[in-house]
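Enquirer:
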Amino acid sequence: MTVVPVATEAPVVGARVAVTAMFTVAGVQCGIFTARFPALVDRFGVAPVHLSVVLFVWALCAASATLAVRRVIPRFGSAAVLRFAAPTCALTLAVVAVAPDFGALLAAIAVFGAAFGILEVSVNSQGAVLERVHRRPLLGGMHAAWSIGAVAGGALAAGFGHLGIGYGWSVGPVALCTLPATVLLGRGLLRLDPVERAAGPTGRRRRPTAAVCLLSVAAFSAFVVESSIADWSGLLLRHDLGTSHAVAALGYPLFQLGLLSGRLLTDRVRAACGSRRVLAGGGLATAVTFAVAASVSSPTLALLALYAVGVATGPVLPTAFAAAGTLDRRADGPAIALIGAVGYTGLLMGPVAVGAIATVSTLRSGLCAVIVVFGAVIVAVAHGAR
């Protein structure tokens, strides 16, 4: 079985708007969740290293869910899966916000992580289908919409921090506000009908190709970089540079603003230069910009450096997902799911590796080592994809 797009549920243009808006809503959820990590640490009175446990549980459940959904999307279609996952993300994030103790927090984080992993795969699958329908690159712009949402969520977090509002009363209301939006946007998705494959045997699991494996490594590395900066930038600004909570919360939205800037250019650059050159350039620029940023001691310069790294890293993930969608249209859902699953292990590895290095050195050293190494890995993958 496979899925093919049919225009019986929503016009193609309307579906593109709905999918782009869904990326934005997911960005808002992730932005408010991530940018308030310093407040979360303060709320439970735990050491920053305990944040690694929270992130590990979240990413592990996200990766596990993306692997499980590989079998679901080809059968039911990404639209149906996304209609389930998006509202579930909103509800479970609200539960995270009201967790009464650290144990309950871990349980809520696990469910939220699983829902978010399913959302990421299904919304990227919708984007890949729309790219084929429109016959031009679109996922870069859609990922830019995610960054817009993340910047908005981070800006809200900074505002809540400035007002002294705690974690629960900031994250919870924002999560609940996104719930009706996810339900309404789900009605405009491009429906995918399960149909028999025109060629090839059915019921047989397809092995990932070498190209999909290389794209998975690129996605893994990009997730390592993005998650490491997103999860630790607030604590870097707060603890290492001595900024206020409000300033520390600005690190995440500025990084996301950089991702947005890079992703707004992704579709044009891909069309002009090709995916391989986009990956190579993004990886090299990521390694170089953060190596320079590691020597910065001024909070203002550190914030500017986070923006620059975002610009460099931004094109990598949408390019990897988009390339997977062009490899085999009969198996784009499973391919994207595999890339997402491998990528989410980067969410596991990145922040944990940074935290481990920070325990024996400094947080700045941990971030620098991890980001420079995996920026170089992206470059190597791009050259290996020739």
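At the far end of the sequence shown sits residue 398, using the working numbering, and the numbering has no gaps. Virtual Cβ for every residue (Gly too), placed ideally from N, Cα, C. Computed from a predicted structure; not experimentally measured.
#1: Could you pull the start and end residues of the alpha helix (DSSP H) that L291 belongs to?
#2: Can you name, in chain order, every residue of its own chain whose Cβ lies under 6 Å from the Cβ of S287, other than the five neighbours on each side?
#3: Can you check which of these residues, G387, V384, V328, F49, is closest to G165 by C-alpha distance?
#4: Measure the C-alpha to C-alpha separation of G326 and T374 and round it to an integer number of angstroms.
#5: What number of angstroms, rounded off, separates the C-alpha of G362 from the C-alpha of C73?
#6: Looking at the structure shown, is V224 part of a helix, part of a strand, or coil, going by DSSP?
#7: Count the other C-beta atoms from every protein chain shown that fall within 10 angstroms of the C-beta of H146, then say buried if there are 16 or more, exposed otherwise.
#8: Under 8 Å between the Cβ atoms of A297 and A314?
#9: With the cut-off set at 8 Å, would you say S90 and S134 are in Cβ contact?
#10: Check the C-beta distance from I369 over to V237 and give it rounded, since I have them as a contact under 8 Å.
#11: Please report the residue range of the alpha helix (DSSP H) in which T255 lies.
#12: In whole angstroms, give me the CA-to-CA distance for R376 and G352.
#13: Suppose you measure from the CA of L316 to the CA of L266; what does that come to, to the nearest Å?
#14: Between the Cα of A162 and those of R28, Y356, G295, T46, spot the shortest distance and give me the residue it belongs to.
#15: When the Cα of V385 is compared with those of G57, A234, L271, which residue comes out closest?
#16: For V308, does the three-state DSSP call read helix, strand or coil?
#17: So the alpha helix (DSSP H) V40 belongs to, where does it begin and stop?
#18: Using the beta-carbon count (16 or more within 10 Å), is G171 buried or exposed?
#19: Taking 7 Å as the cut-off, is the CB of A75 close to at least one heavy atom of the ligand SAH?
#20: Counting pairs of beta carbons, one from the region 105 to 119 and one from the region 299 to 310, are three or more of them closer than 8 Å?
#21: Any idea what DSSP makes of P112, helix, strand or coil?
#22: Could you tell me the alpha carbon to alpha carbon distance between F333 and L227, rounded to whole angstroms?
#23: Looking at the secondary structure, which residues open and close the alpha helix (DSSP H) in which P185 lies?
#24: Please name the residue, chosen from A242, L103, V66, L131, that lies closest to I85 on a Cα-to-Cα basis.
#25: What is the rounded straight-line gap between the Cα of D252 and the Cα of V372?
Expert: Looking at the atomic coordinates:
#1: That run of the alpha helix (DSSP H) goes 287 to 305.
#2: For S287, where only same-chain residues beyond five positions count, the Cβ hits under 6 Å are T331, A335.
#3: Here the closest residue by C-alpha is F49.
#4: Between the alpha carbons of G326 and T374 lies a gap of roughly 26 Å.
#5: So the two alpha carbons sit approximately 15 Å from each other.
#6: If DSSP states are grouped into helix, strand and coil, V224 belongs with the helices.
#7: Exposed is the label assigned to H146, since fewer than 16 other Cβ atoms lie within 10 Å of its Cβ.
#8: Against a cut-off of 8 Å, the Cβ pair of A314 and A297 comes out as no contact.
#9: Against a cut-off of 8 Å, the Cβ pair of S134 and S90 comes out as a contact.
#10: No, I369 and V237 are not in contact; Cβ-Cβ is about 15 Å, not under 8 Å.
#11: Segment: none, T255 is in no alpha helix (DSSP H) and carries neither H nor E.
#12: Distance between the alpha carbons of R376 and G352: 28 Å.
#13: Distance from the CA atom of L316 to the CA atom of L266, rounded to whole angstroms, is 8 Å.
#14: The shortest C-alpha separation from A162 is found at T46.
#15: Minimum Cα-Cα distance from V385 among the listed residues G57, A234, L271 corresponds to A234.
#16: Of the three classes helix, strand and coil, the one that applies to V308 here is coil, per DSSP.
#17: Under the DSSP assignment, V40 falls in the alpha helix (DSSP H) whose first and last residues are 24 to 47.
#18: Exposed is the call here.
#19: In the structure shown, the ligand SAH is absent, as is every other ligand, since no ligand is present at all.
#20: Touching, no, given that fewer than three Cβ pairs across the two stretches are closer than 8 Å.
#21: The answer is coil: DSSP assigns P112 none of H, G, I, E or B.
#22: Rounded to the nearest angstrom, the gap between the Cα atoms of F333 and L227 is 8 Å.
#23: Its alpha helix (DSSP H) spans residues 179 to 198.
#24: Proximity to I85 across A242, L103, V66, L131 peaks at L131, based on C-alpha coordinates.
#25: Looking at the two C-alpha atoms, the distance is approximately 15 Å.
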